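Peer 1:
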Amino acid sequence: MNGAASLKGIPIGIDDFKDLMQSNGYFVDKSLFIKEIVDDISKVKLITRPRRFGKTLNLSMLRYFFEKAEEDSSYLFKELNIWQQGEAYTREQGQYPVVSLTFKDIKDETFAGYLENLKIQISEEYKKHDYIVQDDNIRDIDKKQFMDIVDIGASDVWYKNSLKLLTRLLYEYHNQEVIVLIDEYDTPINQGYICGYYDEVIDFMRNFLGSGLKGNPYLKTAVITGIYRVAKESIFSGFNNLKVCSVMHQPFADKFGFTENETEDILRYYGVDEDIARVKEWYNGYLFGEDTVIYNPWSILNYIDNRKLQPYWVNTSSNDIIRQVLTKTAAGVKEKLRILMEGGVLEDVVIDTDTNFRDIMGKDIIGESVLWDLLLVSGYLRSQNTRIVEGRTRCELKVPNKEIALLYEDIVSSWFEEAEAAGYGIKELLAELTEGDIDGFAERFKDMVQRCFSYFDVGYNAAENFYHAFILGILVNLEGKYKVMSNRESGKGRPDIMIIPKDASKKGVVIEFKTSRSDEDKVLEEKAQQALEQIAAMDYVDELASYGIKEAIELAIVFCGKKVIIRYNVRRLG
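The sequence shown begins at 742 in the working numbering and counts up one residue at a time.
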């Protein structure tokens, strides 16, 4: 282990490349990102990655590398990998005028507030280049327009065209094409939808980016980062020169987040590599591009600083959008969410790679392909075995690591806490079930079905939706004292739910659910009897007996809309 006094600082929250390099902070060398940018001939690159995955730091690195400035910044790069790539790349250093904007802090509740803050951002960038107006060759009208934008006195129309104006003036002054860097372009768009000014912000951004980047003869290249790929028709309409690089694409796959080797190196450097297997369990699990394993950099750095395996990244945001969209899912999606929470894999999932915020927030029910895309690009799911089939993106999905798994559990718990606060008695319900008071459980369950359907139903089959929410509630609320297994419709010879107590003196529970199109008592009774016979015929309780459990409750629950009947047997084992 290195001596504590000689260790570099842990760079938590440092987004400025120069500050990081000059502060003797530990830098995970991503400078070959510069090489990829130079080699890539596309004019506009949109790179989407989850939050806190190094987007801002990487754009800052690009600025210090490419920017033509009075102060020579080449010293920042001479010990990095990019400087070993030869003259074809080192000669690019310090050669271009650069426009650098960040929208990550524009989170206003009104469009007027958004516009004011955006104008300030644009004004500040113009001020960095105010040497332009000292040039005798600048036209008077351009000089006036430039100063009006600096003074925040120009019309909204001119701000929409301000990016193109600045690139033109920089090109004319330097006789060199301009590099444009825009960080977190989608933050104000996200905020605009949440706060009700989505259409206005989309209109502004479409004009701002369109005039500045689409067919701009003064542009060398533009790199835009964000979390979401806002639908092409919303902002990037007509962008024939746009290259989109999401977590599912190979370009730049290892340039955001820490690779496995980088993670092992930094853990060894700080002397915390003895827990590397557990660190992988907590913070690994992302797969970018075809096969690049990526760790969450924010969580790794905070773990090194705190030496505690706990959630870090999920606590950097309210996760409001994720919570909202998960409440807008249909019953079938809740079943798939249950599979994910149990550590399973969703196979052959269709991903909508052209998501529109309207698809996310503007409907009572959001489509599955939109949901999976949102969770994937935001960092809440991992994709693998990605392929294009008949023009559609298909892949397998799973929860990437323990940190994210805990977030899903917290979200489901919050649903039930809200229901509990409304007097639905879920904790009492589960206590009656596991303690063997099945008559009490049956009465409470029937009452809950009557009262909760409106809470859990979002437009699809209410019984199915309630069923899946109930399973998720069992998974979360019984965790620790019970092992809960559910294999509904899996064909694996197991019941819908099996609850196995970790204390063998407690009762085990086997549950079979049935739905009925008829609400006639006779039909419901027949289905309940069929469920009990199925439990007996399949010898489901043998698995409980293998754990040393002495008593099992066999439970049949039959739904028809809000009508439900419950029948049960108690069986001695062994």
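For every residue, glycine included, the Cβ atom is placed at its ideal position computed from N, Cα and C. This structure is a prediction, so every number in the text was calculated from the model and none was measured.
1. Indicate whether the contact test is met: 3 or more Cβ pairs, each with one atom in the segment 803 to 817 and one in the segment 886 to 894, closer than 8 Å.
2. So what's Pro1038 in DSSP terms, helix, strand or just coil?
3. Considering only residues of the same chain and omitting the five flanking positions on each side of Asp1089, which have a CB-CB separation below 7 Å?
4. How about Glu918 and Tyr837: are their beta carbons less than 8 Å apart?
5. Give me the Cα-Cα distance between Asp1244 and Glu1176, rounded to the nearest whole angstrom.
6. Looking at the structure shown, is Phe1300 part of a helix, part of a strand, or coil, going by DSSP?
7. Go ahead and label Ala963 buried or exposed: buried means 16 or more other beta carbons lie within 10 angstroms of its beta carbon, across all protein chains shown.
8. With Ala963 as the anchor, note down where its beta strand (DSSP E) starts and where it stops.
9. Roughly how many angstroms separate the alpha carbons of Asp995 and Phe774, rounded to a whole number?
10. By DSSP, does Ile1167 sit in helix, in strand, or in coil?
11. When the distance is taken between beta carbons, is Ile1241 closer than 8 Å to Ile1298?
12. Just to confirm the assignment, what range does the beta strand (DSSP E) spanning Asn1126 have?
13. Near Leu1148, which residues of its chain fall below 6 Å by C-beta distance, leaving aside the five closest residues on each side in sequence?
14. At 3 residues or longer, what runs of the beta strand (DSSP E) sit wholly inside the segment 765 to 805?
15. For Asp924, which beta-bridge partners are listed by DSSP?
16. Quick one: give me the first and last residue of the alpha helix (DSSP H) that Ile863 is part of.
17. Out of Asp760, Gly1108, Glu1184 and Ile930, which one is the CA nearest neighbour of Met946?
18. Give the DSSP-derived three-state secondary structure of Pro1141 in the structure shown.
19. Any beta-carbon of chain B closer than 8 Å to the one on Pro958?
20. Whole-angstrom Cβ separation of Ile778 and Leu803, contact assumed at under 8 Å?
21. In the DSSP assignment, the alpha helix (DSSP H) including Glu811 goes from what residue to what residue?
22. Could you have a look at Leu954 and say whether DSSP puts it in helix, strand or coil?
23. For Gly754, which three-state DSSP category applies?
24. Could you pull out every residue in the same chain whose Cβ sits closer than 6 Å to the Cβ of Glu1001, ignoring the five residues on either side in sequence?
25. Using the rule of at least 16 other Cβ atoms within 10 Å of the residue's Cβ for burial, across every protein chain shown, is Asp1237 buried or exposed?
26. What are the uninterrupted segments assigned as beta strand (DSSP E) that are 3 or more residues long and contained completely in the segment 1210 to 1281, given in chain order?
27. Just the C-alpha distance for Phe852 and Asn902, rounded to the nearest angstrom, thanks.
28. Thinking just about the alpha-carbon of each residue, which of Gln1125, Ile1063, Glu1076 and Asn1043 is nearest to the one in Leu1091?
29. May I have the straight-line CA-CA distance separating Lys848 from Gly795, to the nearest angstrom?
30. Over the uninterrupted alpha helix (DSSP H) stretch that includes Leu1087, give me the two end residues.
31. What did DSSP end up calling Lys749 once you bin it into helix, strand or coil?
32. Residues bridged to Cys1136 by DSSP?
33. Tell me where the beta strand (DSSP E) around Val985 begins and ends.
34. In whole angstroms, what separates the C-alpha of Ile1307 from that of Leu1296?
35. Going by the CB atoms, is the gap between Gly956 and Leu904 shorter than 8 Å?
36. If distances are taken between C-alpha atoms only, which option among Pro958, Asn948 and Phe993 comes closest to Ser1353?
Peer 2: On the basis of the supplied data:
1. no
2. Within the sequence shown, the letter at position 297 stands for residue 1038. Correct three-state label for Pro1038: helix.
3. Residue 1089 sits at position 348 when you count from the first residue of the sequence shown. Within the same chain, Asp1089 has close Cβ partners Arg1135.
4. Counting from 1 along the sequence shown, the entry for residue 918 is found at position 177. Counting from 1 along the sequence shown, the entry for residue 837 is found at position 96. Yes, the pair counts as a contact, with Cβ atoms nearer than the cut-off.
5. Within the sequence shown, the letter at position 503 stands for residue 1244. Within the sequence shown, the letter at position 435 stands for residue 1176. For Asp1244 and Glu1176, the distance between alpha carbons rounds to 12 Å.
6. As a working mapping, residue 1300 is identified with position 559 in the sequence shown. Secondary structure of Phe1300 (DSSP, three-state): strand.
7. Here residue 963 refers to the residue found at position 222 of the sequence shown. Within 10 angstroms of the beta-carbon of Ala963 lie 16 or more other beta-carbons, which makes it buried.
8. On the sequence shown, position 222 is the one that residue 963 refers to. Leu960 to Gly967 is the span of the beta strand (DSSP E), which, as asked, contains Ala963.
9. Along the sequence shown, one-based indexing puts residue 995 at 254. Along the sequence shown, one-based indexing puts residue 774 at 33. Taking the straight line joining both Cα atoms gives about 9 Å.
10. Numbered from its first residue, the sequence shown carries residue 1167 at position 426. Judged by DSSP in its simplified three-state form, Ile1167 adopts helix.
11. Here residue 1298 corresponds to residue number 557 of the sequence shown, with the count starting at 1. Here residue 1241 corresponds to residue number 500 of the sequence shown, with the count starting at 1. The beta carbons of Ile1298 and Ile1241 sit no closer together than 8 Å.
12. Your numbering for residue 1126 matches position 385 in the sequence shown. From DSSP, the beta strand (DSSP E) with Asn1126 extends over Arg1123 to Val1130.
13. Translated into the one-based positions of the sequence shown, residue 1148 becomes position 407. Same-chain partners within the cutoff: Val1055.
14. 785 to 789
15. Looking up residue 924 in the sequence shown gives position 183. According to DSSP, Asp924 bridges with Thr843.
16. Residue 863 sits at position 122 when you count from the first residue of the sequence shown. For Ile863, the uninterrupted alpha helix (DSSP H) run begins and ends at Phe852 to Lys869, by DSSP.
17. Counting from 1 along the sequence shown, the entry for residue 946 is found at position 205. Answer by Cα proximity: Ile930.
18. By one-based count along the sequence shown, residue 1141 stands at place 400. Coil at Pro1141, not helix or strand.
19. The structure shown contains no chain B; it is built from a single protein chain.
20. The residue labelled residue 778 in the question sits at position 37 within the sequence shown. The residue labelled residue 803 in the question sits at position 62 within the sequence shown. Sure, about 7 Å apart at Cβ, within 8 Å.
21. Along the sequence shown, one-based indexing puts residue 811 at 70. Counting along the chain, Glu811 falls outside any alpha helix (DSSP H), and DSSP gives it neither H nor E.
22. Mapped onto the sequence shown, residue 954 falls at position 213. In the three-state DSSP reduction, Leu954 falls in the helix class (H, G or I).
23. Locating residue 754 in the sequence shown gives position 13, counting from the first residue. If DSSP states are grouped into helix, strand and coil, Gly754 belongs with coil.
24. Here residue 1001 corresponds to residue number 260 of the sequence shown, with the count starting at 1. Non-local beta-carbon contacts of Glu1001 in its own chain, meaning distances under 6 Å to residues more than five positions away in sequence, involve Val1034 in chain order.
25. Sequence index remark: in the sequence shown, residue 1237 carries index 496 (1-based). Per the 10 Å Cβ criterion, buried.
26. 1223 to 1227, 1238 to 1242 and 1249 to 1256
27. Counting from 1 along the sequence shown, the entry for residue 852 is found at position 111. Counting from 1 along the sequence shown, the entry for residue 902 is found at position 161. Rounded to the nearest whole angstrom, the CA to CA distance from Phe852 to Asn902 is 18 Å.
28. Stepping through the sequence shown from its first residue, residue 1091 is reached at position 350. A quick correction: the sequence has Val, not Leu, at residue 1091. Measuring from the Cα of Val1091, the nearest candidate turns out to be Gln1125.
29. Translated into positions along the sequence shown, residue 848 becomes position 107. Translated into positions along the sequence shown, residue 795 becomes position 54. Cα to Cα, the separation comes out at about 20 Å.
30. Start at 1 with the first residue of the sequence shown, and residue 1087 comes out as number 346. Segment Leu1087 to Ile1092 is the beta strand (DSSP E) holding Leu1087; no alpha helix (DSSP H) there.
31. Numbered from its first residue, the sequence shown carries residue 749 at position 8. Note: Lys749 maps to coil in three-state DSSP.
32. Taking the first residue of the sequence shown as position 1, residue 1136 is located at position 395. According to DSSP, Cys1136 bridges with Val1090.
33. As a position in the sequence shown, residue 985 is number 244, starting the count at 1. Note, Val985: beta strand (DSSP E), Leu983 to Cys986.
34. Taking the sequence shown and counting its residues from 1, the one referred to as residue 1307 is at position 566. Taking the sequence shown and counting its residues from 1, the one referred to as residue 1296 is at position 555. Approximately 7 Å between the Cα atoms of the pair.
35. Position 163 of the sequence shown, counting from 1, holds the residue named residue 904. Position 215 of the sequence shown, counting from 1, holds the residue named residue 956. It is not a contact, given that the beta carbons lie outside the stated cut-off.
36. This structure cannot speak to residue 1353, because the chain is shown only from 742 to 1315.
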